[in-house]
Each structure stands twice: as structure tokens, then as C-alpha cells.
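Have a look at the structure below, then the notes.
Residue numbers (our numbering): 3 to 386.
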């Protein structure tokens with residue numbers, strides 16, 4: 003009964019605090035269209051189940067592979083496999099799954115030189131990351147997010163010269179070729195492909211956002227439109243943290259996103275990416291059963307490390323005040339990838355690239371603001 007009474011008391015205090023803030027600090031929602039001087043670039047997470055070296059795999063696990071002779075019918079169906087002088091292909095008939103040890107996955111996987119973002123620091127690319135998607139272990143790379151780097155990657159209007167204007171409504175932002183090597187990506191019953199997820203640069207890694215299929219040897223043009231939402235910090239109900247503003251005030255140091263903050267609380271010397279595996283649950287969700295507000299719920303099975311980590315997460319890693327949303331459409335293109343775009347240091351003629359050209363729409367960005375009700379609110383604001 004005493005435990006129940008404590009829980010009810012805590013809940014009552016929290017409810018009272020919430021209602022007090024709600025009525026003392028009312029807010030309105032206002033929609034504006036902003037002309038930005040800088041565009042926060044979207045992040046891209048690229049995943050594929052065709053990620054491992056078939057030759058190494060079949061050497062170590064021959065029972066999982068089959069041999070296919072390079073007959074005329076076979077080569078007509080799978081021309082990538084028949085390039086060169088080989089007379090047959092040894093092909094895996096099963097995919098590695100979560101039962102594989104990390105050491106085996108690292109040994110089989112291709113490396114980060116597979117993915118490029120032209121004109122950008124290679125440090126913004128993280129991987130390989132292994133995660134299970136629909137029961138299959140996939141290998142992912144993520145790029146263009148601010149996680150572990152020097153702030154968010156942005157591009158300003160001053161960076162676009164007239165020669166880079168595609169039309170009055172479109173601007174070329176960047177060009178992202180992914181190298182897809184046939185020996186890694188060939189499988190008889192499926193054409194090689196990957197999935198590109200487009201998400202906020204404030205998020206480290208996502209496989210549940212909007213996506214499209216990315217096929218080997220193809221080139222795509224993506225048209226992107228940005229919208230934003232701005233929340234309010236304490237004492238307002240949304241109680242957020244402006245990580246980028248904090249980062250600038252701290253001489254460009256510290257976390258630039260909630261996920262980076264959580265990683266620092268875990269006190270790792272490496273990022274989530276470099277841990278090689280991605281947990282399905284966020285640290286904040288993990289900490290909910292341990293914490294009641296900023297107080298620890300004492301239970302014998304929480305370790306001292308978990309409690310220390312969760313105190314840090316709950317007290318420091320609030321949700322971000324800014325949220326970026328990226329809507330996009332993708333079309334196939336007849337455009338060829340120029341030779342000087344091939345950063346892959348190899349003379350291997352079997353390399354097949356797939357390219358993604360990203361264009362931003364006009365710079366009028368719809369932005370939803372939560373504003374204090376009694377401080378210069380718009381007439382069209384709605385009290386929430």
C-alpha cells in the first residue's frame with residue numbers, strides 16, 4: 003500500500019505541475035513560410051541484404067551455396083554475373099541472419115568506401131551497421147546526419163551558382179553514387195537492389211521513414227521539400243532542448259541531437275554506428291521503466307550503470323526543439339554518372355554504380371511554430 007500511495011502521490015504532483023504550466027504558459031500554433039539562408043540537408047540511410055562478399059561466405063559456408071554454370075540462358079538472365087572470364091558462379095542461397103556472430107558479419111561485409119557523398123567530408127558517412135529488417139540481417143550506411151560530427155551539414159543559397167540552377171524551381175544540392183559490386187549483390191532469384199530511407203539529420207539511423215528502392219546500374223533524381231516544426235523549452239509543456247543552439251554556445255562542442263546526447267550518456271568511446279549493431283529501442287524508451295520523472299525507481303535488477311545512464315538521459319536528453327520533415331518524389335533518369343564522380347579506387351570494370359541526384363525545391367519553407375500566447379502571437383494562432 004505504501005508503494006501504491008507513493009506512486010499515486012508522484013503522479014498527482016506531476017499532473018498538478020503539468021496543469022500549472024499548461025494554464026500559466028499557454029501557447030498558440032502559428033504557420034509561417036520562411037526564406038532560409040541555409041538548408042539543413044536531409045540524412046540518408048541506405049540498407050541492403052546484398053551486402054556481403056559471396057566468395058568469402060561460400061568458402062566458409064559451402065553448404066549454404068550452389069554452383070551455377072555460365073550457360074547462355076543463365077548469362078542472358080544475369081549478365082552481371084557473367085562478366086569476366088569466369089565459367090561458373092557460386093551463389094549463396096540463404097542470407098546471414100541474427101545468429102551470425104559480429105566477427106563473421108564484419109568479415110563478410112563490404113566497407114564504407116562503397117558509399118560516397120560528393121563534396122562532403124567522409125566522416126559524415128557511418129557504417130557498416132547491421133540490423134534485422136523483416137527477418138533478414140541487412141547492412142546499412144547512414145550519411146549526412148549531425149551525429150558525431152561538427153554540427154549539422156547545411157548548404158546555403160550562396161553556394162548555388164547560376165550554372166547549378168536546373169530551372170527556376172529546382173536547385174542541385176548533391177549527388178550520391180553508391181557502388182554496387184556484382185559479386186556482393188548477385189542472387190539468382192532477385193535483381194540487386196537496396197533501400198534508401200530519407201529522414202531528419204537530427205536522427206542517427208532510421209529504417210521506418212519514407213523510402214524508395216535503389217537498383218544497381220540505375221540513376222535517380224530526387225526532388226525534396228522541407229518543412230519544419232519548432233517547439234518551446236521549459237517551462238512550456240513541450241519542454242524541449244535546442245541542441246544546435248547549445249552546441250554553438252559551447253564553442254561547437256557537445257551533442258547536436260537527442261540521439262547523440264543519449265550516446266554520450268551511455269559513456270561509449272564510439273558512436274551507435276561503430277557499435278555495429280543497432281538496438282530497436284531508444285535509450286529514452288529503455289529508461290522509462292527505471293525512472294519516474296527525474297527520480298530513480300529502485301528495483302534490484304537495475305544495475306548501477308543502467309541507473310547512472312538513465313539519470314543522464316532523462317535529465318539531459320530532452321526532445322529536440324526543432325523537427326525537420328522531408329517530403330520527396332523520385333524518378334528514374336537517363337543521366338549517366340560521369341567518370342570523375344567515381345571515387346571508388348579500383349580498375350575493376352565489373353563495378354556497377356547507382357546514382358541519386360538530390361534537388362531542393364524553392365526555399366519557401368513551411369514552418370509550424372509553437373509560440374507563447376501572450377508574446378507577439380499571430381492572429382491566426384490556435385490555442386493548444
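Ideal Cβ placement from N, Cα and C applies to all residues, glycine included.
Where residue 260 falls, given that 16 or more other Cβ within 10 Å makes a residue buried: Position 258 of the chain shown holds residue 260. Label assigned to residue 260: buried.
Coil, strand or helix - residue 271 by DSSP: By 1-based counting over the chain shown, the position of residue 271 is 269. Since pLDDT at residue 271 reaches only 34, below the 50 mark, its modelled position is unreliable, and no value is offered.
Rounded C-alpha distance that separates residue 222 from residue 335: As a position in the chain shown, residue 222 is number 220, starting the count at 1. As a position in the chain shown, residue 335 is number 333, starting the count at 1. A direct Cα-Cα distance of roughly 5 Å separates residue 222 from residue 335.
DSSP three-state assignment for residue 167, whether helix, strand or coil: The sequence position of residue 167 within the chain shown is 165, counting from 1. Reliability fails at residue 167, whose pLDDT of 36 lies under 50, so the model's placement of it is uncertain and no value is given.
Residue 323 in three-state terms, based on DSSP: Along the chain shown, read from residue 1 onward, the residue named residue 323 stands at position 321. Residue 323 falls in the coil class under three-state DSSP.
Extent of the continuous beta strand (DSSP E) run through residue 145: As a first step, residue 145 is located in the chain shown; it is residue number 143 there, counting from the start. Annotation for residue 145: the continuous beta strand (DSSP E) segment containing it runs 138-145.
Bridge partners - residue 131, DSSP secondary structure assignment: Translated into the one-based positions of the chain shown, residue 131 becomes position 129. Answer by DSSP bridge pairing, in chain order: 142.
Burial state of residue 366, where buried means 16 or more other Cβ atoms lie within 10 Å: Translated into the one-based positions of the chain shown, residue 366 becomes position 364. By the neighbour-count rule (16 or more Cβ atoms within 10 Å), residue 366 is not buried but exposed.
Rounded C-alpha distance that separates residue 358 from residue 72: On the chain shown, position 356 is the one that residue 358 refers to. On the chain shown, position 70 is the one that residue 72 refers to. Answer to the nearest angstrom: the Cα atoms are 32 Å apart.
Alpha-carbon spacing of residue 306 relative to residue 317, whole angstroms: Taking the chain shown and counting its residues from 1, one reaches residue 306 at position 304. Taking the chain shown and counting its residues from 1, one reaches residue 317 at position 315. Taking the straight line from one Cα to the other gives about 17 Å.
Residue 307 in three-state terms, based on DSSP: Locating residue 307 in the chain shown gives position 305, where the first residue counts as 1. Looking at residue 307 - three-state DSSP - the assignment turns out to be helix.
The beta strand (DSSP E) enclosing residue 57, as first and last residue numbers: Residue numbering aside, residue 57 sits at position 55 when the chain shown is read from its first letter. Segment 56-62 is the alpha helix (DSSP H) holding residue 57; no beta strand (DSSP E) there.
At least 3 beta-carbon pairs within less than 8 Å: the region 313-332 vs the region 231-245: Touching, yes.
For residue 38, the first and last residue of its enclosing alpha helix (DSSP H): Taking the first residue of the chain shown as 1, we reach residue 38 at position 36. Counting along the chain, residue 38 falls outside any alpha helix (DSSP H), and DSSP gives it neither H nor E.
Which residues DSSP lists as bridging residue 336, in chain order: Position 334 of the chain shown holds residue 336. DSSP output for residue 336 lists no bridge partner at all.
Minimum C-alpha distance to residue 44 - residue among 296, 311, 369, 225: Walking along the chain shown from the start, residue 44 turns up at place 42. If we check each option's Cα against that of residue 44, 225 comes out closest.
Own chain residues within Cβ distance below 6 Å of residue 35, not counting five before or after: If you number the chain shown from 1, residue 35 lands on position 33. The answer, listed in chain order, is 366, 368.
Separation of residue 235 from residue 248, as counted between CA atoms: Mapped onto the chain shown, residue 248 falls at position 246. Mapped onto the chain shown, residue 235 falls at position 233. Using only the alpha carbons, I get a separation of about 12 Å.
Under the three-state DSSP convention, the category residue 345 falls into: Counted from its first residue, the chain shown places residue 345 at position 343. At residue 345 the pLDDT is 41, less than 50, meaning the model places this residue with poor confidence; the figure from the coordinates comes in the next sentence. Correct three-state label for residue 345: coil.
Residue 92 beta carbon less than 9 Å from that of residue 51: One-based indexing of the chain shown puts residue 51 at position 49. One-based indexing of the chain shown puts residue 92 at position 90. Not in contact: residue 51 and residue 92 (Cβ atoms no closer than 9 Å).
Where the alpha helix (DSSP H) through residue 251 begins and ends: Position 249 of the chain shown, counted from the start, is the residue given in the question as residue 251. That run of the alpha helix (DSSP H) goes 245-251.
Selected residue, minimal CA-CA separation from residue 216, among 38, 251, 199: Numbered from its first residue, the chain shown carries residue 216 at position 214. The shortest C-alpha separation from residue 216 is found at 199.
Identity of the residues DSSP links to residue 206 by a beta bridge: As a first step, residue 206 is located in the chain shown; it is residue number 204 there, counting from the start. Bridge partners of residue 206: none, in fact.
Outcome for residue 89 when other beta-carbon atoms lying within 10 angstroms are tallied against a minimum of 16: To locate residue 89, count along the chain shown from 1; it is residue 87. Label assigned to residue 89: exposed.
Exposed unless 16 or more other CB atoms sit within 10 angstroms - verdict on residue 138: The sequence position of residue 138 within the chain shown is 136, counting from 1. Residue 138 should be labelled exposed.
Residue of 374, 294, 288, 197 minimising C-alpha distance to residue 136: Reading the chain shown from its first residue, position 134 is the one you call residue 136. Out of 374, 294, 288, 197, 197 has the C-alpha closest to the C-alpha of residue 136.
Proximity to residue 285 [Cα-Cα], best of 231, 308, 76, 374: Working through the chain shown from its first residue, we reach residue 285 at position 283. The option with the nearest alpha carbon to residue 285 is 308.
Residue nearest to residue 40 in terms of C-alpha spacing, selected from 375, 53, 362, 129: Stepping through the chain shown from its first residue, residue 40 is reached at position 38. Of the listed residues, the one whose Cα sits closest to residue 40 is 362.
One or two residues paired with residue 330 in a DSSP bridge: Counted from its first residue, the chain shown places residue 330 at position 328. Residue 330 pairs with 226.
Secondary structure of residue 124, DSSP reduced to three states: Against the chain shown, residue 124 aligns to sequence position 122. Unreliable positioning characterises residue 124 in this predicted model, as indicated by a pLDDT of 46, which lies under 50. The coordinate reading is nonetheless provided below. It is helical.
Short CB-CB distance (under 9 Å) between residue 131 and chain C: The structure shown contains no chain C; it holds only a single protein chain.
Residue 143 vs residue 48 beta-carbon contact at 9 Å: Taking the first residue of the chain shown as position 1, residue 143 is located at position 141. Taking the first residue of the chain shown as position 1, residue 48 is located at position 46. Yes, these two residues count as a Cβ contact at 9 Å.
Environment of residue 265 [buried if 16+ CB atoms lie within 10 Å]: What you label residue 265 is simply residue 263 of the chain shown in a count that begins at 1. Flag for residue 265 reads buried.
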